[in-house]
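Asks:
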Amino acid sequence: MGSFGSSQVREIALGIQGSGYKFLWAMRMSPITKENPLNMLPEGFLEWMKDRGMLCEWAPQVEVLAHKAIGGFVSHCGWNSILESLWFGVPIVTWPMYAEQQLNAFMMVKELGLAVELRLDYRMGVDLVMAEEIEKAVKQLMDFDCEVRKKVKEMGEMARKAVLRGGSSFNAIGQFIEDVIGSSSC
Numbered sequence: 003m004g005s006f007g008s009s010q011v012r013e014i015a016l017g018i019q020g021s022g023y024k025f026l027w028a029m030r031m032s033p034i035t036k037e038n039p040l041n042m043l044p045e046g047f048l049e050w051m052k053d054r055g056m057l058c059e060w061a062p063q064v065e066v067l068a069h070k071a072i073g074g075f076v077s078h079c080g081w082n083s084i085l086e087s088l089w090f091g092v093p094i095v096t097w098p099m100y101a102e103q104q105l106n107a108f109m110m111v112k113e114l115g116l117a118v119e120l121r122l123d124y125r126m127g128v129d130l131v132m133a134e135e136i137e138k139a140v141k142q143l144m145d146f147d148c149e150v151r152k153k154v155k156e157m158g159e160m161a162r163k164a165v166l167r168g169g170s171s172f173n174a175i176g177q178f179i180e181d182v183i184g185s186s187s188c
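Here the sequence shown is numbered in the working numbering, starting from 3 and rising by one per residue.
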């Protein structure tokens, strides 16, 4: 599970503020420093965000992504998060931290065009992602004419069709069940 130090939390807050968009930010206490994340925010941020955003320690990701008010999602790009985001047609700003997330983010941005790149050259504990980068990525993602937004919406529709009767996933599961049942007889 990824967490950020106080310098990065400040940059995220300033990037959100600069973007001007409403937000939901799930921010946990660092398991290492045990520092209250609210103490890491820039002076005046909590007052500024009163009618613009919400901070919480945890949020039910699927329920949040399913909500019609959600216009975008900043994600570490774990595969489940990507699938959930695509299912609901919510475009992603990529922020991979470790493991397969880097490859997933690269594929989403460079190969499929289904996400907006924040950065793809992350190294643990090296560079801060600056407020200006965050602001730029959020604004790009939230632009109504953003090509990524359109492609993600189409992908969500395709995913839903795939699970309907006659869809590719529906048919594949049916075939799998038939194969398993057929191969279990002696």
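Note that beta-carbon positions come from the ideal geometry of N, C-alpha and C, so glycine has one too.
1. By alpha-carbon positions, which one of A61, L122, N41 and G115 ends up nearest to L26?
2. Check the C-beta distance from E119 over to V111 and give it rounded, since I have them as a contact under 8 Å.
3. What is the DSSP secondary structure of F60, counted as helix, strand or coil?
4. Whole angstroms is fine: what's the gap from L166's alpha carbon to F172's?
5. For G169, which residues of its own chain have a beta-carbon under 8 Å away from its beta-carbon, when the five flanking residues on both sides are left out?
6. Rounded to whole angstroms, what's the CA-CA distance from M3 to I14? Just pull it up for me.
7. What's the gap between the Cα of Q63 and the Cα of W97?
8. Taking 8 Å as the limit between beta carbons, can you name the residues of its chain near W50, skipping five residues before and five after?
9. Heavy atom of the ligand FAD less than 6 Å from the Cβ of M42, yes or no?
10. Quick check on this structure: which residue in Y100, V66 and Q142 has the alpha carbon closest to the alpha carbon of E86?
11. Is the number of C-beta pairs between the stretch 76 to 85 and the stretch 36 to 44 that are closer than 8 Å three or more?
Replies: If we stick to the structure as given:
1. For this step, residue 26 is matched to residue 24 along the sequence shown. The shortest Cα separation from L26 among A61, L122, N41 and G115 belongs to A61.
2. The residue you call residue 119 lines up with position 117 of the sequence shown. The residue you call residue 111 lines up with position 109 of the sequence shown. Yes, E119 and V111 are in contact; Cβ-Cβ is about 4 Å, under 8 Å.
3. Counted from its first residue, the sequence shown places residue 60 at position 58. The sequence shown places Trp at residue 60, not Phe. DSSP places W60 in coil when its eight states are reduced to three.
4. Within the sequence shown, numbered from 1, the residue matching residue 166 stands at position 164. Within the sequence shown, numbered from 1, the residue matching residue 172 stands at position 170. Rounded to the nearest angstrom, the two C-alpha atoms are 6 Å apart.
5. Sequence index remark: in the sequence shown, residue 169 carries index 167 (1-based). Taken in chain order, the residues that qualify are K163.
6. Here residue 3 is taken as the residue at index 1 of the sequence shown, counted from 1. Here residue 14 is taken as the residue at index 12 of the sequence shown, counted from 1. Here M3 scores only 49 on pLDDT, less than 50, and its place in the model should not be relied on; the value that follows carries that caveat. For M3 and I14, the distance between alpha carbons rounds to 18 Å.
7. Locating residue 63 in the sequence shown gives position 61, where the first residue counts as 1. Locating residue 97 in the sequence shown gives position 95, where the first residue counts as 1. Their backbone Cα atoms lie some 16 Å apart in a straight line.
8. Here residue 50 refers to the residue found at position 48 of the sequence shown. Only Q19 meet the Cβ criterion.
9. With respect to the ligand FAD, the structure shown offers nothing to examine, as it has no ligands at all.
10. Mapped onto the sequence shown, residue 86 falls at position 84. Comparing Cα positions, the closest option is V66.
11. no
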